[in-house]
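Undergrad: The opening residue of the sequence shown carries number 973 in the working numbering; numbering runs sequentially from there.
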Amino acid sequence: MANKKYLFTERAHYMCPNMHFGILADIDAEFHCDRIFESIGALKAAHPLLRSLMAEEEGSSGIFYEECLELEIPITMKEKGDDWQKDYDTVSKAGWNVQKEALLKVFAYPTEDGTRMLFISHHLLCDGRGLLQLVQEFADYYAKGKAPQVVEEMLMESIHDLPKGSDLPFISKVIIQDANKRWRKEGHKVSYEEYAEFEREFDSKQRVEHGIQCIDGAELNKLLATCKESGVSLNDYLIAKMMLEEDADKVVIASDIRSKIKNYNKGALGNYATAFSVSIKKRTSEIMELAKSVDREVKKIINTPQKAMLVLACYFIMDPELLDAVAISTLGSFESNSGRFVGGKMFGYEKRDGLCITNLGRVESDVIREAVFIPPASPANRKAWGVLTVNKNMRICSLDSSFETS
973 MANKKYLFTE RAHYMCPNMH FGILADIDAE FHCDRIFESI GALKAAHPLL
1023 RSLMAEEEGS SGIFYEECLE LEIPITMKEK GDDWQKDYDT VSKAGWNVQK
1073 EALLKVFAYP TEDGTRMLFI SHHLLCDGRG LLQLVQEFAD YYAKGKAPQV
1123 VEEMLMESIH DLPKGSDLPF ISKVIIQDAN KRWRKEGHKV SYEEYAEFER
1173 EFDSKQRVEH GIQCIDGAEL NKLLATCKES GVSLNDYLIA KMMLEEDADK
1223 VVIASDIRSK IKNYNKGALG NYATAFSVSI KKRTSEIMEL AKSVDREVKK
1273 IINTPQKAML VLACYFIMDP ELLDAVAIST LGSFESNSGR FVGGKMFGYE
1323 KRDGLCITNL GRVESDVIRE AVFIPPASPA NRKAWGVLTV NKNMRICSLD
1373 SSFETS
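1) Leaving aside the five residues before and after Phe1091 along the sequence, list all residues of the same chain whose C-beta is less than 7 Å from its C-beta, in chain order.
2) Roughly how far, in whole angstroms, is the beta-carbon of Arg1007 from the beta-carbon of Tyr1081, given that I think they are within contact range, below 8 Å?
3) Hey, Gly1283 and Thr1246: beta-carbon distance below 8 Å or not?
4) Give the range of the beta strand (DSSP E) segment to which Gly1086 is assigned.
5) Considering Pro1292, what are the terminal residues of the alpha helix (DSSP H) in which it resides?
6) Between the Cα of Arg1367 and the Cα atoms of Glu1191, Val1224, Val1223, which residue gives the shortest distance?
7) Measure the beta-carbon distance from Ala1220 to Leu1327 and round it to whole angstroms, keeping in mind my assumption that it falls under 8 Å.
8) What separation, rounded to the nearest whole angstrom, lies between the Cα atoms of Ile1184 and Phe1174?
9) Is His1095 closer than 8 Å to His985 when the C-beta atoms are compared?
10) Cys1369 to Tyr1209, Cα distance in whole Å?
11) Report the residue ranges of all alpha helix (DSSP H) runs contained in full by the segment 1235-1290; include only those spanning at least 4 residues, in chain order.
12) Between the beta-carbon of Asn1243 and the beta-carbon of Glu982, is there less than 8 Å?
13) In chain order, which beta strand (DSSP E) runs of at least 3 residues are fully inside the segment 979-1014?
14) Excluding five sequence neighbours on each side, which residues of the same chain lie with their C-beta closer than 7 Å to the C-beta of Lys1279?
15) Hey, could you find the ends of the beta strand (DSSP E) Asp1059 is sitting in?
16) I think Gly1386 touches Thr1361, with their Cβ atoms under 8 Å apart; what is that distance to the nearest whole Å?
17) Could you give the first and the last residue of the continuous alpha helix (DSSP H) run that contains Asn1363?
18) Could you tell me the distance, in whole angstroms, from the CA atom of Gly1358 to the CA atom of Lys1058?
19) Using 8 Å as the Cβ pair cut-off and three pairs as the minimum, do the segment 1338-1348 and the segment 1302-1313 touch?
20) Which word fits Cys1286, buried or exposed, when buried means at least 16 other C-beta atoms lie within 10 angstroms of its C-beta?
21) Give every residue of the same chain whose Cβ lies closer than 7 Å to the Cβ of Cys1033, excluding the five residues on either side of it in the sequence, and list them in chain order.
22) Which residues share a DSSP beta bridge with Pro1082?
23) In the DSSP output, what is Arg1179 paired with across the bridge?
24) Measuring alpha carbon to alpha carbon, tell me which of Leu1022, Ser1202, Ile1289 ends up nearest Ile1143.
25) In terms of DSSP beta bridges, what is Asn1353 paired with?
26) What residues are listed by DSSP as bridge partners for Gln1185?
27) Specify, as a first and last residue, the run of the beta strand (DSSP E) that Ala1343 falls within.
28) Is it a yes or a no for the segment 1253-1265 touching the segment 1133-1149, going by three-plus beta-carbon pairs under 8 Å?
29) Under a Cβ-count criterion, where at least 16 other Cβ atoms within 10 Å of its own Cβ denotes burial, should Met1128 be classed as buried or exposed?
30) What residue range is occupied by the uninterrupted alpha helix (DSSP H) comprising Tyr1209?
31) Quick one, which of Val1204, Asn1275, Asp1296, Met1214 has its alpha-carbon nearest Asp1267's?
32) For a test of the three-state rule: what should DSSP assign to Cys1098, helix, strand or coil?
33) Taking the C-alpha atoms as reference points, what is the distance between His1160 and Ser1231?
34) Give the straight-line distance between the Cα atoms of Met991 and Lys1238, rounded to the nearest whole angstrom.
35) Thinking just about the alpha-carbon of each residue, which of Asn1365, Cys988, Val1298 is nearest to the one in Cys1186?
36) Rounded to whole angstroms, what is the Cα-Cα separation between Lys1157 and Tyr1037?
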């Protein structure tokens, strides 16, 4: 890369456990080991972040993507595809040293009539839509020989890259500036070695279970028709469904902002999403009525940049070394009152009872038969849903997280 690409909003993913997620895809092409390696090589040649590690800049707090041409993306060939959950869990338990390990890990499984691929991405590489793009690029090359387009990443670098009106509310700005001031008075910081040790211990105690719900063809069409008749989106319905099933009045959802920011190159990797909570205090038990309330709340938020971009604006304002300390001081043994305050009161790491939905939308593909999006097991959440629809087959991957206290 001609210029260093520094972490800004991505800094929140640097020293936080379980900042990885995956896509499992069945591809309509014969299993061929050499072709798999060749296809991953084509992705690596097209995307600079795929051939990068994280590096710390000497004499400053800066962390940047350091291109390493010799970096190998680990590809594990398997004999069958029914143990993907075990493979995913193995990656989760091992921790992820982003200063030494590539930001993508791949497993390949032969099936009776094709190839199954498991892509596991660190959040420093991309968001969910970015990983879906990678899987589509892989499938197109693997099955049809169509090479991915070479794209230079353009990451968000300041709050001015966000839509107009995204500045933090006055009270939020005062709270973060105060946390920054108290952090600097503490006069210490977390080393990556300290964090890596904490991450391994945290991962050894976390228990994550996955389940997959399938909604196909006629059933999905019927659901879409009901949503349309009620004037709500499928996403509104899913939020309402989670609220009712979990007896909750708040769900966090991810939102793609590629079309709203100034410096996104189409096809580039990186993080181009925000997240916000949808709260409905007076809930009805009728799902479509609740979905209508959700629809109204979501529209209010996405039409108000200050609300929709709040979490990203916080990342830009917060001291980057304080961001590094948030997870370990709230969930580990690192002593920082300011880090614990941010982690507990702002990031949800104290209660750890959050609910989250990420819907990657609907795609049509002549080479990907079906796919599942496996959401990240964020320390803030006890349950998350990852939703992906391919060729009119919707898969909801549910994740339940618990933590051993003894």
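For glycine and all other residues, C-beta sits at the position ideal for the given N, C-alpha and C. The structure presented is a predicted model; accordingly, all values stated were derived computationally and were not measured.
TA: Taking the coordinates as given:
1) Gly994, Ile995, Leu1076, Val1078, Leu1103, Leu1106, Val1107.
2) Between the beta-carbon of Arg1007 and that of Tyr1081 there is about 14 Å, and that puts the pair past the 8 Å contact cut.
3) In the sequence as presented, Gly is not what sits at residue 1283; that position holds Val. For Val1283 and Thr1246, yes; Cβs fall inside 8 Å.
4) 1086-1094 is the span of the beta strand (DSSP E), which, as asked, contains Gly1086.
5) Following the DSSP letters along the chain, one finds Pro1292 inside the alpha helix (DSSP H) bounded by residues 1292-1303.
6) Nearest C-alpha to Arg1367: Glu1191.
7) Rounded, the Cβ-Cβ distance is 6 Å, consistent with contact.
8) Taking the straight line joining both Cα atoms gives about 25 Å.
9) With contacts defined as CB atoms closer than 8 Å, His985 and His1095 qualify as a contacting pair.
10) Going from the Cα of Cys1369 to the Cα of Tyr1209 covers about 16 Å.
11) Runs found: 1259-1274, 1277-1280, 1282-1289.
12) Yes; because the gap between Cβ atoms is below 8 Å, this pair is in contact.
13) Complete beta strand (DSSP E) runs here, min 3: 992-999.
14) Taking C-beta separations shorter than 7 Å and ignoring five residues to either side along the sequence, the partners of Lys1279 in its chain run Phe1248, Ile1273, following chain order.
15) Annotation: Asp1059 is outside any beta strand (DSSP E); the continuous alpha helix (DSSP H) that includes it extends over 1056-1066.
16) Residue 1386 is absent from the structure shown; the chain starts at 973 and stops at 1378.
17) For Asn1363, there is no enclosing alpha helix (DSSP H), as DSSP marks it with neither H nor E.
18) If you take the alpha carbons of Gly1358 and Lys1058, they lie about 18 Å apart.
19) As far as the Cβ criterion goes, the segment 1338-1348 does not touch the segment 1302-1313, which means the pair count is below three.
20) Per the 10 Å Cβ criterion, buried.
21) Reading off the sequence shown, one finds Ser at residue 1033, where the question assumed Cys. Cβ neighbours of Ser1033 beyond the five flanking positions: Pro1292, Glu1293.
22) Paired residue(s): Thr1087.
23) DSSP lists Ser1374 as partners of Arg1179.
24) Of Leu1022, Ser1202, Ile1289, the residue nearest in Cα terms is Ile1289.
25) The beta-bridge partner set that DSSP reports for Asn1353 consists of Gly1326.
26) Beta-bridge pairing by DSSP links Gln1185 to Ile1368.
27) For Ala1343, the uninterrupted beta strand (DSSP E) run begins and ends at 1340-1346, by DSSP.
28) No contact exists between the segment 1253-1265 and the segment 1133-1149.
29) So Met1128 ends up on the buried side.
30) For Tyr1209, the enclosing alpha helix (DSSP H) begins and ends at 1206-1218.
31) Ranking the options by Cα distance to Asp1267, first place goes to Val1204.
32) Strand, per DSSP.
33) A straight line joining the alpha-carbon of His1160 with that of Ser1231 spans about 39 Å.
34) Approximately 24 Å between the Cα atoms of the pair.
35) Residue Asn1365 is the option with its Cα nearest to Cys1186.
36) Near 29 Å, if we compare the C-alpha coordinates of Tyr1037 and Lys1157.
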